[in-house]
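Colleague: Sending over a structure as structure tokens; questions will come in a sec.
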Amino acid sequence: MFKINENYLKLPGSYLFSTIAKKVNEYSQAHPEKKIIRLGIGDVTQPLAPAIIESLHTAVDEMGSAESFRGYAPDLGYEFLRNAIADNDYKARGCDIAADEIFVSDGAKCDSGNIQEIFAADNRIAVCDPVYPVYVDTNVMAGRTGTYDGKLETWSDVIYMPCLAENDFAPELPKETPDIIYLCFPNNPTGSTITRAQLQEWVDYANRVGAVIIYDAAYEAYISEADVPHTIYECEGARACAIELRSFSKNAGFTGVRLGAAVVPKDLKCGDVTLHSLWARRHGTKYNGAPYIVQRAGEAVYSQAGKAQLKEQIAYYMNNAKYILNGLKEAGYTVSGGVNAPYIWLKAPEGMTSWEFFDYLLENAGVVGTPGSGFGPSGETYFRLTAFGSYENTVAAVDRIKAL
Ligand SMILES: *Cc1c(COP(=O)(O)O)cnc(C)c1O
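See the structure below:
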């Protein structure tokens with residue numbers, strides 16, 4: 001008789017987005033005349049840039065002719081894309097990352113979920129609170145997190161690093177020593193970030209205690225301030241302690257196209273064993289690569305035309321972010337984020353929980369956001385709005401909130 005992986009049964013139900021959908025449905029059935037505006041989405045809405053579409057078309061045509069047809073891609077991904085990433089994201093920033101340290105993938109969610117496989121089951125993980133839930137849930141599935149306390153909403157073997165207004169939504173070095181540290185800056189859901197000097201402290205700490213940092217750089221393209229690092233490899237010593245995950249989803253609208261990359265420097269070792277060799281083995285055994293067509297689309301992200309078009313796309317979303325940020329400030333809310341990230345993190349009015357504020361906004365303004373408590377216990381009383389909507393909807397939503 002087969003047995004299941006019982007770790008899956010430990011996972012508490014993820015009710016966040018289903019509860020939101022249910023509440024929104026109920027509201028629109030009761031008030032069919034009211035137009036609801038959704039600023040809760042974590043998905044992009046602008047179409048793919050022309051340079052990317054052109055590249056996709058060309059690659060599709062190549063697949064239709066025997067001379068240029070491509071089958072299985074090389075294990076680590078096509079060299080044209082790995083070179084483009086190494087040159088533009090690393091060498092151009094003075095970071096020493098070689099093309100053969102880059103593993104092309106189908107996205108940062110998959111990479112952040114899969115990467116834990118190459119570590120021992122008794123490693124301890126540290127995460128920010130609130131957090132992108134994938135980091136924790138995939139470690140639960142692997143049996144690495146101990147037991148769940150339903151009341152505190154925490155796992156016994158996970159080290160939580162609260163990110164609150166008191167610490168500018170930046171984690172502090174943990175008191176207990178972790179083996180694996182998950183960091184994501186600019187951050188989802190808080191929209192906060194840390195300076196290069198602050199990130200350097202994390203790199204120094206990881207090297208000192210022998211921990212590895214898994215650095216999720218999915219929102220790198222939204223950085224506008226000069227002292228915010230675009231990659232962890234801007235920090236000295238990061239080659240010996242950090243894996244970086246990159247995504248084409250938020251900078252180029254690839255959420256439905258699917259493309260990402262993991263950087264595993266060859267200096268990152270446990271004894272004599274490089275993590276690069278383990279990830280290469282895992283990639284070769286379990287993955288057959290992102291489609292050729294999609295990797296060509298990824299290459300176009302780094303073309304001159306692609307860069308210019310995507311700069312405009314990011315500016316469009318960040319203009320929304322600015323409108324939300326300023327509008328909410330004018331309305332008297334305590335807000336943060338929205339400067340180096342497409343997320344605005346606000347405090348619910350005094351005395352309201354995240355879900356109470358969700359109901360209040362839906363019922364009185366017809367605006368949908370995401371309750372902060374859905375991202376972890378320290379997210380309670382906070383609320384996330386995103387800049388991924390259209391400008392018209394964003395303006396209408398903010399004006400409705402201001403009129404409350
Ligand atoms: C959206 C997002 C990603 C991107 O995941 P993909 O699989 O590349 O689409 C990764 N990390 C965080 C924190 C995100 O919010």
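Under the working numbering, the residues of the sequence shown are numbered 1 to 404, in order. Quick reminder that beta carbons are idealized off the backbone N, C-alpha and C, glycines included.
Only counting the same chain, and skipping five residues up and downstream in sequence, which positions put a Cβ closer than 6 Å to that of W155?
Modeller: T145, G146 and Y148
Colleague: What three-state label does DSSP hand M63 in the structure shown?
Modeller: Three-state DSSP puts M63 in a helix.
Colleague: When the Cα of P371 is compared with those of K3, L16 and P12, which residue comes out closest?
Modeller: L16
Colleague: Assuming N288 contacts Y72 (C-beta within less than 8 Å), just tell me the rounded distance between them.
Modeller: With a beta-carbon spacing of about 6 Å, N288 and Y72 fall inside the 8 Å limit used to define contacts.
Colleague: Could you give the DSSP three-state label for E153: helix, strand or coil?
Modeller: coil
Colleague: Put M318 into one of helix, strand or coil per three-state DSSP.
Modeller: helix
Colleague: What would DSSP say about G260, mapped onto helix, strand or coil?
Modeller: Look at G260 here: in three-state DSSP terms it is strand.
Colleague: Applying the 10 Å Cβ sphere with the 16-neighbour rule, what's the burial state of S277?
Modeller: exposed
Colleague: Based on the DSSP secondary-structure assignment, which residues constitute the bridge partners of S336?
Modeller: W345
Colleague: Need the endpoints of the beta strand (DSSP E) that S105 sits in, please.
Modeller: I102 to S105
Colleague: Since I believe L245 is in contact with Y205 (beta carbons under 8 Å), could you give me their beta-carbon distance rounded to a whole number of angstroms?
Modeller: Incorrect: roughly 20 Å between the Cβ atoms, too far for contact.
Colleague: Apart from the five residues just before and just after A242, which ones in its own chain have a Cβ nearer than 6 Å to its Cβ?
Modeller: Within its own chain, the residues whose Cβ lies closer than 6 Å to the Cβ of A242, once the five positions on either side in sequence are excluded, are I213, Y215 and I232, listed in chain order.
Colleague: Using CA coordinates, which residue listed in I181, S68 and M1 is at the minimum distance from R124?
Modeller: Of the candidates I181, S68 and M1, the one whose C-alpha sits nearest the C-alpha of R124 is I181.
Colleague: Spatial neighbours of A252 within its chain, please: CB distance less than 6 Å, with the 5 preceding and 5 following residues excluded, ordered by chain position.
Modeller: V301 and L310
Colleague: Check whether the segment 216-225 and the segment 7-16 are in contact - that is, three or more C-beta pairs closer than 8 Å.
Modeller: no
Colleague: Can you tell me which of the three DSSP states C128 falls into?
Modeller: DSSP, read as helix, strand or coil, puts C128 in strand.
Colleague: Quick check on the DSSP output: what are the complete beta strand (DSSP E) runs of length 3 or more inside the segment 230-299, in order along the chain?
Modeller: 242-247 and 260-263
Colleague: On the DSSP bridge list, what partners appear for I214?
Modeller: Y182 and I243
Colleague: I'd like the list of long-range same chain contacts for E54, defined as Cβ closer than 8 Å, with 5 residues on each side in sequence excluded.
Modeller: A300
Colleague: Let me check one thing: in DSSP terms, what residues is V367 bridge-paired to?
Modeller: I37
Colleague: Does the beta carbon of Y132 fall short of 7 Å from some heavy atom of ligand 1?
Modeller: yes
Colleague: Taking the alpha-carbon of A108 as reference, which of S390, L404, N364 and L259 has the nearest alpha-carbon?
Modeller: L259
Colleague: For Y72, which of helix, strand or coil comes out of DSSP?
Modeller: coil
Colleague: In the structure shown, what three-state DSSP assignment does M1 receive?
Modeller: coil
Colleague: Going by the CB atoms, is the gap between T195 and V158 shorter than 8 Å?
Modeller: no
Colleague: Grab the span of the alpha helix (DSSP H) containing M352 for me, first residue to last.
Modeller: Looking at the DSSP string, M352 is not in any alpha helix (DSSP H), and its letter there is neither H nor E.
Colleague: Ignore the nearest five residues each way along the sequence and tell me which others in H230's own chain have a CB closer than 7 Å to its CB.
Modeller: R93, E220 and I223
Colleague: Check for me: the alpha helix (DSSP H) holding I85 runs from which residue to which?
Modeller: E79 to I85
Colleague: Output yes or no for whether 8 Å exceeds the beta carbon distance between Q416 and A170.
Modeller: Summary: the structure shown does not reach residue 416, with the chain confined to residues 1 through 404, and so no result is reported for it.
Colleague: Whole angstroms is fine: what's the gap from E67's alpha carbon to F254's?
Modeller: 28 Å
Colleague: Assuming N393 contacts I97 under a Cβ cut-off of 8 Å, what Cβ separation, rounded to an integer in Å, is found between them?
Modeller: So it is not a contact: roughly 39 Å between Cβ atoms.
Colleague: Please classify Q304: is it buried, with 16 or more other beta-carbons within 10 angstroms of its beta-carbon, or exposed?
Modeller: Q304 is exposed by the Cβ-count criterion.
Colleague: Mind checking whether the beta-carbon of P188 lies closer than 7 Å to any heavy atom of ligand 1?
Modeller: Reading off the sequence, residue 188 comes out as Asn, not Pro. True, at least one ligand heavy atom lies under 7 Å from that Cβ.
Colleague: Count the other CB atoms, across all protein chains shown, that sit within 10 Å of the CB of G366; report buried if there are 16 or more and exposed otherwise.
Modeller: buried
Colleague: How about Y333 and L346: are their beta carbons less than 8 Å apart?
Modeller: yes
Colleague: Are there 16 or more other CB atoms within 10 angstroms of the CB of F2, so buried, or fewer, so exposed?
Modeller: exposed
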